[in-house]
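In the working numbering, the protein residues as written are 13 to 341.
Just below is one structure, and these are the notes that go with it.
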């Protein structure tokens, strides 16, 4: 255990230094990924490496660094720093109990698969934009992150969107999509608000409810990203947003049987059976409400996606291969 913790600290220091090097090369006004001091940041990164439920936070921090590194104009510096990034990522993946370690696969079903994927090639003038919707516990985020890394394109999830919006100098209270999604329940009873609060939010969001203002801000950002770079976007109704704005993209829906997802959540979040089942039902309900309210479409309906995948039939690596085959057709 002590040996592992020393490795976590060593990797955390290298991540912190890499972030500084990337920032110096990019010369961006967006600032560094890590704004705190070295000691505190290294301690936090180390904790993320051995706290499995928060593995997605580490993944988001790494993706922020790689996203910025890919914008470096000097090819030699870009290659040097991406090589450092890839080496760090490889060493993290070799550690016990980090993101992507708990695979999701139904061995009996794997042998039955004979999927042939056909789709017209995306125009060379269009950016490769992949929108991934997923049920909780289907390893969708692990698949999206590793796919982005394989394709060497940028990766955006709710954690990164919050960071990007803050870096665009918007107020956290105005744009925190994660906060508003987590508490999303526009069909339920609302807690009473004072007249002062109502007036303040009315002025701040130009007469729109806060949740709607957040969604429209996020929609603008998603369209901007899709028009300017190759990327993978996790959730956020991105498929419907881009379709309504006539922006080319590939839309995927990743899911798995409820029982398999329960077992997966029990493993990665150290939950009991009942706790994991309740957690999945709650998160699926929030995803469904959010998507259906803002799109008017049925969440998870096959007709809304280019490809729906049962990740338990393949596992993380093979699911990524299936998606890459789709892109090559």
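Backbone N, C-alpha and C fix where the C-beta goes; we use that ideal spot for every residue, glycine too.
Since we're looking at a predicted model, the values are computed, not measured.
Cα-Cα separation between residue i and residue j, rounded to whole angstroms
i	j	result
residue 20	residue 257	44 Å
residue 249	residue 306	8 Å
residue 155	residue 148	13 Å
residue 239	residue 309	24 Å
residue 57	residue 32	15 Å
residue 190	residue 157	Note that residue 190 has pLDDT 48, beneath the 50 cutoff, so the model's placement of it is unreliable and the number below is only indicative. Approximately 18 Å, taken between the alpha carbons.
residue 303	residue 261	18 Å
residue 343	residue 37	Beyond the ends of the chain as shown, which are 13 and 341, falls residue 343; an answer cannot be given.
residue 271	residue 332	22 Å
residue 253	residue 259	9 Å
residue 313	residue 296	14 Å
Residue i in three-state terms, based on DSSP
i	result
residue 38	helix
residue 28	helix
residue 77	helix
residue 143	strand
residue 317	coil
residue 167	strand
residue 322	strand
residue 267	strand
residue 249	coil
residue 257	coil
Residue j beta carbon less than 8 Å from that of residue i
i	j	result
residue 9	residue 30	Residue 9 lies beyond the residue range present for the chain, which begins at 13 and ends at 341; the question has no answer from this structure.
residue 326	residue 244	no
residue 316	residue 224	no
residue 118	residue 165	no
residue 93	residue 61	no
residue 80	residue 173	no
Limits of the unbroken alpha helix (DSSP H) element including residue i
i	result
residue 54	50-62
residue 277	270-281
residue 100	87-105
residue 244	That residue, residue 244, is in no alpha helix (DSSP H); its beta strand (DSSP E) goes 243-246.
residue 117	Where residue 117 is concerned, there is no enclosing alpha helix (DSSP H), given that its DSSP letter is neither H nor E.
residue 331	328-340
Identified DSSP bridge partners for residue i
i	result
residue 306	Per DSSP, none; premise fails for residue 306.
residue 262	142
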